[in-house]
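Participant: In our numbering, the protein residues as written are 9 to 348.
The beta carbon of each residue, even a glycine, is placed where N, CA and C say it ideally should be.
None of the values given here were measured: they were computed from a predicted structure.
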């Protein structure tokens, strides 16, 4: 077996350049006490020698890792990918790196990731709870040790800490009201699992819009599933096989709305003449599907930026600054062909 090569240290760099280890350390940290020429020379030599900083040892010395943990359900989700982009760019601006963990929408993996990030001594944790997370007790290591914790998008029930969310009630209301104003009287809803705050709020907005226009809520028009393409296709087949089909569909994400449109096409059901459709998230797929999908924009990139801005302030200043505890982003209806 080939032996692992010895790691290059700051002492090795110091010997090559005939400098003290403390000077090399400061130069690598871009300390302004070291002149620019020396900083450039140290960084170049470090690169040539294959030096890799030991951030764990550094974090122990400084009691700061400059790393944020991030837990998301799935990185492949369009909303999450745009939020991650906002998080990455904003974190870099503040001098933080991001380590991402994917829970695969399971509580078990979410618990594992919480413990992993706590062990890694991250300076703070950003999290989107799984669709099945009903409590926040497994985040206790961060809460008890006063390590900043910010939830965005999906939030565990009754979480008392800092949250960044979209106005999901308003989104559900706008989507349903739009379908009603387009002439729909029998509107189905594809909802996510109702243990999740997002889908509780979107359902509440849906019901409120129906009530406003004196349309009774029909339990048979509510389809609850995990909003994947596969689950939505199954729900679509059930909906389209109903004796009395709906004339409108509000889908709580664009993935399930697109799956419905595709299944409707296979069954030669005309969208929007026979059934009008509104989705949620303004995914890229909503613009390329035919007909183009009417949807709700919820500003994923900006939400990611706001989450980082909040957690960095908590890391640097704690509760001494006035930070909005529960920040809610406005949402917007984007009208396209699927609801004409």
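Say whether the region 178-190 touches the region 204-221, bearing in mind that this needs 3 or more beta-carbon pairs closer than 8 angstroms, one atom from each stretch.
Facilitator: yes
Participant: Would DSSP call residue 119 helix, strand or coil?
Facilitator: helix
Participant: Indicate whether residue 25 and residue 79 have their beta-carbon atoms separated by less than 8 angstroms.
Facilitator: no
Participant: Between which residues of its own chain and residue 30 is the CB-CB distance below 7 angstroms, once the five residues before and five after are set aside?
Facilitator: Here the set comprises nothing.
Participant: Report the three-state DSSP secondary structure of residue 213 (helix, strand or coil).
Facilitator: helix
Participant: The alpha helix (DSSP H) spanning residue 178 covers which residue range?
Facilitator: 176-189
Participant: Can you grab the Cα-Cα spacing for the pair residue 201 / residue 57, in whole Å?
Facilitator: 53 angstroms
Participant: Can you tell me the Cα-Cα spacing of residue 9 and residue 125, whole angstroms?
Facilitator: Since pLDDT at residue 9 reaches only 38, below the 50 mark, its modelled position is unreliable, and the value read off the structure follows with that caveat. Cα to Cα, residue 9 sits roughly 32 angstroms from residue 125.
Participant: Measuring straight from C-alpha to C-alpha, what distance separates residue 281 and residue 212?
Facilitator: 27 angstroms
Participant: Considering Cα atoms alone, identify which of 345, 101, 267 and 138 is closest to residue 118.
Facilitator: 138
Participant: Does the Cβ-Cβ distance between residue 196 and residue 231 come in under 8 angstroms?
Facilitator: yes
Participant: Can you tell me the Cα-Cα spacing of residue 106 and residue 77, whole angstroms?
Facilitator: 6 angstroms
Participant: Nearest to residue 179 by alpha carbon, out of 243, 149 and 214?
Facilitator: 214
Participant: Is DSSP giving residue 45 helix, strand or coil here?
Facilitator: helix
Participant: Quick check: residue 34 and residue 41, are their CB atoms within less than 8 angstroms of each other?
Facilitator: yes
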